[in-house]
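Contents: one structure, followed by commentary.
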Amino acid sequence: MVFFARLLLGLLTLTCLTACGRSGQLVPFPNLGQSLCRADAECGLLEVCDPFEGCVSRLQSCDAGLPCPEGFHCSQGLCLQPGACYFSAQCPEGYGCEGFRCVSERCRSDQDCSEGRRCDLIDGLCRAELCLEDAACGAGACCNPVTRTCAPKAVCERYDSGVPPDCQALPERCDGEDNDCDAAIDEDFPDLGEVCWVGQGLCLRVGNRVCAGDGGATICNVQPGDPLPEACDGADNDCDGETDENC
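Just so we're aligned: 383 in the numbering used here is position 85 of the sequence shown, and the numbers increase by one with no gaps anywhere.
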């Protein structure tokens with residue numbers, strides 16, 4: 299009787315310490331405090347999925363003779379996934395390590411950021427700014443993060459970790475800039491630069507069409523001359539469209 303009691307107790311203990319897999323065979327119970335997982339994507343940056351153990355740390359040292367597994371890179375003697383970190387020294391310049399990820403520096407003004415970076419007052423992060431002088435303003439390359447316009451003869455793209463900005467282009471205006479970022483300037487105003495004239499008679503003046511002050515249209519860049527008293531000389535002195543009408 300004592301033998302059978304001990305056998306039953308052993309079976310109950312085994313049941314508590316093990317769990318049945320899909321095949322019905324007993325497999326080790328996962329470690330307490332860890333979550334079961336089905337793929338590495340369900341685990342953290344510095345973890346991999348073990349079907350029996352759950353998400354486990356993949357801290358691995360590396361050097362010239364001990365390379366990292368596929369998908370990892372060696373950073374200061376440790377194998378890391380892209381974007382992961384243990385301390386700020388493993389992140390690019392201008393980034394710090396928070397929650398095992400390289401994140402942009404926090405800032406309140408440009409003075410809080412490292413050289414070549416500016417403070418984005420919208421999210422309080424230091425952003426890199428890349429400007430290529432004398433380059434055409436390409437499609438989608440909205441330059442100024444505030445006005446969303448392209449600087450003359452430059453492509454300026456704000457980016458964070460190499461990711462271009464999600465920049466919404468503005469409608470094209472007549473202002474000498476590529477507002478809609480399609481590599482063309484003032485293309486919606488085909489008469490820009492054409493010869494124009496205003497006035498009549500001796501008040502006639504010839505000029506060229508230029509952008510209006512509000513950027514919504516073009517105007518002639520000259521004003522008509524001042525009319526004179528009509529004289530009997532074969533000219534329209536008073537600029538009313540008639541000649542020598544008082545003779």
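C-beta: ideal position from N, C-alpha, C; glycine also.
Keep in mind it's a predicted model, so treat the numbers as computed, not measured.
C-beta contact flag for residue i and residue j at 8 angstroms
i    : j    : result
N477 : L490 : no
D542 : C530 : yes
N544 : G499 : no
C424 : S407 : no
C383 : C372 : no
E492 : R507 : yes
C417 : D410 : yes
C366 : Q374 : no
Helix, strand or coil at residue i [DSSP, three-state]
i    : result
G352 : strand
D418 : strand
L500 : helix
S359 : strand
D534 : coil
S386 : helix
E543 : coil
E340 : helix
Q323 : Note on Q323: pLDDT 37, under 50, position unreliable in the model; the coordinate value appears next. Note: Q323 maps to coil in three-state DSSP.
C454 : Here C454 scores only 49 on pLDDT, less than 50, and its place in the model should not be relied on; the value that follows carries that caveat. Strand.
Buried versus exposed, by CB contacts within 10 Å (16 or more), residue i
i    : result
N519 : exposed
Q379 : buried
E475 : buried
E340 : exposed
E528 : buried
E470 : buried
When the options are compared against residue i, the one with the closest alpha-carbon
i    : options                : result
C501 : G523, A515, W495, A482 : G523
G369 : A387, G363, E345       : E345
A510 : G532, F487, G422       : F487
P525 : D348, G532, G497, Q388 : G497
Q521 : L419, G505, F350       : G505
Whole-angstrom C-beta distance between residue j and residue i, which should lie under 8 angstroms
i    : j    : result
D484 : C472 : 5 angstroms
C353 : C377 : Rounded, the Cβ-Cβ distance is 16 angstroms, inconsistent with contact.
D338 : C347 : 5 angstroms
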